[in-house]
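Everything below concerns the one structure shown next.
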Ligand code: KDO
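Residue numbers (our numbering): 177 to 511.
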């Protein structure tokens, strides 16, 4: 089999001959195409990181073909698509992984991860090895790196005069859109709200029409998707320091040379690091803009939320799926 370098050299030689003979130069085509599906927009920092950092790093042997806004695969179906060989990569959530392996819900549990650095320590710790191995062996999905989505907060249509969110009791009867998996719905209920499953692509319209009272996402997403146009308040609950995995087809991975695998791994880590910094920067600097759009932002009783949410998980069916000792190990990696 021709190596990439010799193939490139051969292509250049063909191009030179073609040019000398007066033909147009054939365009260089990469050996592979990495398709990547996400529900996120093109301007979401995770998408930007993949396009600006990951794609150029693998360009020597692979074309990167992203599909944004769930246009390539519906939100939540990407992992199955990878598993079936119909997709190379996705920006996958722990909640989606939990659909296949319920124990992944531990990484989707309220008030477990403390910040972006904690997420990275957890992902790179040996505690993740059995999770990663199971995903590879049983789903054919390799988790390359961890991306930072951010601190999720409660973002409502109602003004603060109508609903003043101080404790979970204040969310009683609030119809809160959450993404459509069990792990998400459990979290919504644990917050004290009435969770409603809905695809990300439908959230703006649902808020605009009043089909839901609110949604939860980090501040950069509120701005990227213009949710501030159709909401009136954000209670900074920080109930989930949310992450995504750069999920990659194990089958495609196994077909790569060792050198290509190293490049893909480095490209994923570099993209995750770039996206993390960009997202943190946005997260720290968007509050004023959101306020200027007429949305009130305030901090509720965080201790009340943390206590209530943790109490809902303790002894639950969700927590029963967590391997012995893993929560302690995650906590030990905290600050
Ligand atoms: C969402 O649907 O609210 C969510 O934020 C869930 C995340 O896991 C992630 O899938 C994200 O959407 C999409 O990438 C769009 O930002």
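We treat Cβ as the ideally placed atom computed from N, Cα and C, and that holds for glycine.
On a predicted model such as this, the values are computed, not experimentally measured, just so you know.
Problem set entry | residue 324 burial status per 10 Å Cβ neighbour count (16 or more: buried) | Start at 1 with the first residue of the chain shown, and residue 324 comes out as number 148. Result: buried.
Exercise. With burial defined as no fewer than 16 other Cβ atoms inside 10 Å of the residue's Cβ, what is the status of residue 401: buried or exposed?
Worked result: The residue labelled residue 401 in the question sits at position 225 within the chain shown. Its Cβ being crowded by 16 or more others within 10 Å, residue 401 is buried.
Exercise. At which residues does the beta strand (DSSP E) containing residue 409 begin and terminate?
Worked result: In the chain shown, residue 409 corresponds to position 233, counting from 1. Per DSSP, residue 409 belongs to the beta strand (DSSP E) from 409 to 425.
Exercise. Leaving out five residues before and five after residue 497 in sequence, what residues of the same chain have Cβ atoms less than 7 Å from its Cβ?
Worked result: By one-based count along the chain shown, residue 497 stands at place 321. The residues are 278, 279 and 281.
Exercise. If you draw a straight line from the C-alpha of residue 506 to the C-alpha of residue 374, how long is it?
Worked result: For this step, residue 506 is matched to residue 330 along the chain shown. For this step, residue 374 is matched to residue 198 along the chain shown. The straight-line gap from Cα to Cα measures roughly 30 Å.
For this session: Count the other CB atoms, across all protein chains shown, that sit within 10 Å of the CB of residue 254; report buried if there are 16 or more and exposed otherwise.
Result: Here residue 254 refers to the residue found at position 78 of the chain shown. Residue burial annotation: residue 254 is buried, with at least 16 other C-beta atoms found within 10 angstroms of its C-beta.
Exercise. What are the residues that DSSP puts in a beta bridge with residue 318?
Worked result: Taking the first residue of the chain shown as 1, we reach residue 318 at position 142. Within the DSSP secondary-structure output, residue 318 pairs in a beta bridge with 424.
Problem set entry | Same chain only: Cβ atoms within 8 Å of residue 480, ignoring 5 sequence neighbours per side | The count along the chain shown starts at 1 and reaches residue 480 at position 304. The answer, listed in chain order, is 342, 343 and 344.
Problem set entry | Under the three-state DSSP convention, the category residue 231 falls into | Within the chain shown, residue 231 is the residue found at index 55, counting from 1. If DSSP states are grouped into helix, strand and coil, residue 231 belongs with the helices.
Problem set entry | residue 513 in three-state terms, based on DSSP | Nothing about residue 513 can be reported from this structure: the residues present for the chain run from 177 to 511 only.
Exercise. According to the Cβ coordinates, are residue 276 and residue 315 closer than 8 Å?
Worked result: As a working mapping, residue 276 is identified with position 100 in the chain shown. As a working mapping, residue 315 is identified with position 139 in the chain shown. Yes. Within cutoff.
Problem set entry | Residue range of the unbroken beta strand (DSSP E) whose run includes residue 357 | Indexing the chain shown from 1 puts residue 357 at position 181. Where residue 357 is concerned, there is no enclosing beta strand (DSSP E), given that its DSSP letter is neither H nor E.
For this session: Kindly list the residues whose CB is nearer than 6 Å to the CB of residue 321, restricted to its own chain and excluding five residues on each side of it in sequence; keep chain order.
Result: Reading the chain shown from its first residue, position 145 is the one you call residue 321. Counting only Cβ-Cβ distances below 6 Å, and skipping sequence neighbours, we find 422, 444, 445 and 448.
For this session: Would you kindly work out how many angstroms separate the C-alpha atoms of residue 428 and residue 465, rounded to a whole number?
Result: As a working note, residue 428 is residue 252 in the chain shown. As a working note, residue 465 is residue 289 in the chain shown. Approximately 43 Å between the Cα atoms of the pair.
Problem set entry | DSSP bridge partner residues for residue 268 (one or two, in chain order) | The residue you call residue 268 lines up with position 92 of the chain shown. Answer by DSSP bridge pairing, in chain order: 421.
Exercise. What does DSSP give as the partner residues of residue 329 in its beta bridges?
Worked result: Working through the chain shown from its first residue, we reach residue 329 at position 153. Beta-bridge pairing links residue 329 to 393.
Exercise. In the structure shown, what three-state DSSP assignment does residue 253 receive?
Worked result: Translated into positions along the chain shown, residue 253 becomes position 77. DSSP places residue 253 in coil when its eight states are reduced to three.
For this session: Give the DSSP-derived three-state secondary structure of residue 323 in the structure shown.
Result: Numbered from its first residue, the chain shown carries residue 323 at position 147. Secondary structure of residue 323 (DSSP, three-state): strand.
Exercise. Who pairs with residue 472 in a beta bridge, going by DSSP?
Worked result: For the purposes of this step, residue 472 is identified with residue 296 of the chain shown, where counting begins at 1. Answer is 409.
Exercise. If you count every other CB in all the chains shown that lies within 10 Å of the CB of residue 381, and 16 or more means buried, which is it?
Worked result: Translated into the one-based positions of the chain shown, residue 381 becomes position 205. Residue environment analysis places residue 381 among the exposed positions, since fewer than 16 neighbouring C-beta atoms fall within 10 angstroms of its C-beta.
Exercise. Closer than 7 Å: is that where the CB of residue 216 sits relative to any heavy atom of the ligand KDO?
Worked result: As a first step, residue 216 must be located in the chain shown, where it is residue number 40. Checking the Cβ of residue 216 against the ligand KDO gives yes.
Exercise. Can you give the Cα-Cα distance for residue 201 and residue 207, rounded to whole angstroms?
Worked result: Taking the first residue of the chain shown as position 1, residue 201 is located at position 25. Taking the first residue of the chain shown as position 1, residue 207 is located at position 31. Note that residue 201 scores a pLDDT of 39, beneath 50, so its modelled location is shaky and nothing firm can be said.
Exercise. Would DSSP call residue 195 helix, strand or coil?
Worked result: Start at 1 with the first residue of the chain shown, and residue 195 comes out as number 19. At residue 195 the pLDDT is 38, less than 50, meaning the model places this residue with poor confidence; the figure from the coordinates comes in the next sentence. It is helical.
For this session: Taking only the alpha-carbon atoms, compute the straight-line gap between residue 384 and residue 409 and give it to the nearest angstrom.
Result: For the purposes of this step, residue 384 is identified with residue 208 of the chain shown, where counting begins at 1. For the purposes of this step, residue 409 is identified with residue 233 of the chain shown, where counting begins at 1. About 14 Å.
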